[in-house]
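Structure first, commentary second.
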Amino acid sequence: MSDFTISLPSSLLRLLEEKAIEMGVDKNILIEKALNNYLDELNRKEYIKSFRRMRNDKDLLAISEEGMDDYARNII
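Below, the structure written as structure tokens:
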């Protein structure tokens, strides 16, 4: 594991300290979990955006439909 130093506004640091005490965990654990959750959310939003961009792609739609036709023929 690597060390990393950051500066936080005093009000946010107070909230972090309070929540860490309330949950009985170290502040760094709470920050790690929060950052992981935030990065996962960013990835989910990018994934959704990519599907929204692809839904209007006629070539991709045709390829998908061909794949579904093949799948349907194989399961019958």
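In terms of the UniProt record's numbering, the sequence shown has 2 at position 2, counting the first letter as 1, and numbering is strictly consecutive.
All C-beta atoms in this analysis are idealised placements derived from N, C-alpha and C, irrespective of residue type, glycine included.
Query - For LEU42 and LEU35, the rounded distance between their alpha carbons - result: Distance between LEU35 and LEU42, taken at the CA atoms: about 11 Å.
Report task. Compute the Euclidean distance between the alpha carbons of LEU39 and LEU30, then round it to the nearest angstrom. Result -> Each residue's Cα considered, the two are about 14 Å apart.
Report task. Would you mind giving the Cβ-Cβ distance between LYS27 and GLU17, rounded to the nearest angstrom? I have them listed as a contact below 8 Å. Result -> That pair is a contact at about 7 Å.
Query raised in the report: Going straight from the alpha carbon of LEU60 to that of MET54, what length do you get?
Result: Our two residues, LEU60 and MET54, have alpha carbons roughly 7 Å apart in a direct line.
Report task. Could you please give the first and the last residue of the uninterrupted alpha helix (DSSP H) stretch that includes GLY67? Result -> Note, GLY67: alpha helix (DSSP H), 58-75.
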